[in-house]
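For reference, the structure discussed in these notes is given below.
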Amino acid sequence: MSAFHTVTPSQLDRAAFVAAFGGIYEHSAWVAERAFDEGQPLPDSVDALHQRLAVQVARASHAEQLALIQAHPDLAGRAALAGELTAASSGEQAGAGLDQCTPDELARFTRHNDAYRAKFGFPFIMAVKGSNRHLILAAFEERLPNSPEQEFQRALAEIDRIALFRLQTL
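Counting the sequence shown from 1 gives a position; our numbering is that position plus 16.
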């Protein structure tokens, strides 16, 4: 189990814990709040804290899970083009080369984002670390035929992967 480099969760009070980990799940500080409220001791390893956070999402109501999914931006979408992403999302998308899309690729992302939202009612979620824009476009095409329940569960799994990647940077 790897330790954090910049923070020791067990030494934080609630406000400091939420300040440190409230952004791990996109615009959803409630995940960190509930993990803290579960009681002491707080785990100091990345993997154990990730598990504790992920359990909060798994225990959440369907409406809360949907709101968590909805909090995520489209990949190479309007928020990215307008510079409105969180720092974490911006870095993740840039790391996958989404800030270097050609006009044709941007048009494909827009079509895929729109088709996905129309079918499922929420944004396409993919943990893009280690990926590239070509693989992401292929993933859109692979996942669009899935059922709404398959994609809802896949979105939650991808969000947990994103959270783990974000925790590993701390």
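Beta carbons: idealized from backbone N, C-alpha and C, even for Gly.
From a predicted model like this one, the values you see are computed outputs, not experimental measurements.
Problem set entry | Residue from 113, 58, 72 and 19 whose Cα sits closest to the Cα of residue 45 | Stepping through the sequence shown from its first residue, residue 45 is reached at position 29. It is 72.
Exercise. Measuring CA to CA, which of 148, 126, 83 and 28 is closest to residue 109?
Worked result: As a working note, residue 109 is residue 93 in the sequence shown. Of 148, 126, 83 and 28, the residue nearest in Cα terms is 148.
Exercise. So, is residue 90 buried or exposed, given that buried needs 16 or more other C-beta atoms within 10 angstroms?
Worked result: Reading the sequence shown from its first residue, position 74 is the one you call residue 90. Counting of Cβ neighbours within 10 angstroms places residue 90 among the buried residues, the total reaching 16 or more.
Exercise. Since residue 178 is in the alpha helix (DSSP H), which residue starts that stretch and which ends it?
Worked result: Within the sequence shown, the letter at position 162 stands for residue 178. Looking at the DSSP string, the run of the alpha helix (DSSP H) that includes residue 178 is 164 to 183.
Exercise. Can residue 92 and residue 114 be called in contact, C-beta distance under 7 Å?
Worked result: One-based indexing of the sequence shown puts residue 92 at position 76. One-based indexing of the sequence shown puts residue 114 at position 98. Their beta carbons are under 7 Å apart, which means residue 92 touches residue 114 by this criterion.
Exercise. Based on the DSSP secondary-structure assignment, which residues constitute the bridge partners of residue 61?
Worked result: Reading the sequence shown from its first residue, position 45 is the one you call residue 61. According to DSSP, residue 61 bridges with 19.
Exercise. Under the three-state reduction of DSSP, which class applies to residue 78: helix, strand or coil?
Worked result: Along the sequence shown, read from residue 1 onward, the residue named residue 78 stands at position 62. In this structure, residue 78 counts as helix in the three-state DSSP scheme.
Exercise. Using a Cβ-Cβ cut-off of 6 Å (strictly less than) and excluding sequence neighbours within five positions of residue 34, which residues of its own chain qualify?
Worked result: Within the sequence shown, numbered from 1, the residue matching residue 34 stands at position 18. Result list for residue 34: 45, 48 and 49, in chain order.
Problem set entry | Limits of the alpha helix (DSSP H) - the one that residue 43 falls within | If you number the sequence shown from 1, residue 43 lands on position 27. Careful: residue 43 lies outside any alpha helix (DSSP H) and carries neither H nor E.
For this session: Identify, in the order they occur along the chain, each residue of the same chain with its Cβ nearer than 7 Å to the Cβ of residue 164, setting aside the five sequence neighbours on each side.
Result: The sequence position of residue 164 within the sequence shown is 148, counting from 1. Result list for residue 164: 136, in chain order.
Exercise. Roughly how many angstroms separate the alpha carbons of residue 58 and residue 184, rounded to a whole number?
Worked result: For the purposes of this step, residue 58 is taken as residue 42 along the sequence shown, with counting starting at 1. For the purposes of this step, residue 184 is taken as residue 168 along the sequence shown, with counting starting at 1. Near 17 Å, if we compare the C-alpha coordinates of residue 184 and residue 58.
For this session: Go ahead and label residue 139 buried or exposed: buried means 16 or more other beta carbons lie within 10 angstroms of its beta carbon, across all protein chains shown.
Result: For the purposes of this step, residue 139 is taken as the residue at position 123 of the sequence shown. Buried, by the Cβ-count rule.
Exercise. Which full runs of the alpha helix (DSSP H) of 4+ residues lie inside the stretch 113 to 155, going along the chain?
Worked result: 119 to 136
For this session: For residue 21, I'd like the list of residues in its chain whose CB is within less than 7 Å of its CB, leaving aside the five on either flank, ordered along the chain.
Result: As a first step, residue 21 is located in the sequence shown; it is residue number 5 there, counting from the start. Spatial neighbours of residue 21 in its own chain (CB-CB distance under 7 Å, excluding positions within 5 residues in sequence) are listed in chain order as 186.
Problem set entry | Same chain only: Cβ atoms within 8 Å of residue 40, ignoring 5 sequence neighbours per side | By one-based count along the sequence shown, residue 40 stands at place 24. So the list reads 47, 48, 69, 179, 182 and 183, once near-sequence residues are dropped.
Problem set entry | CB contact check: residue 72 to chain D, cutoff 7 Å | In the structure shown, chain D cannot be found, because there is only a single protein chain.
For this session: Compare the beta carbon distance of residue 177 and residue 153 with 7 Å and say whether it is the shorter of the two.
Result: Taking the first residue of the sequence shown as 1, we reach residue 177 at position 161. Taking the first residue of the sequence shown as 1, we reach residue 153 at position 137. No, these two residues do not count as a Cβ contact at 7 Å.
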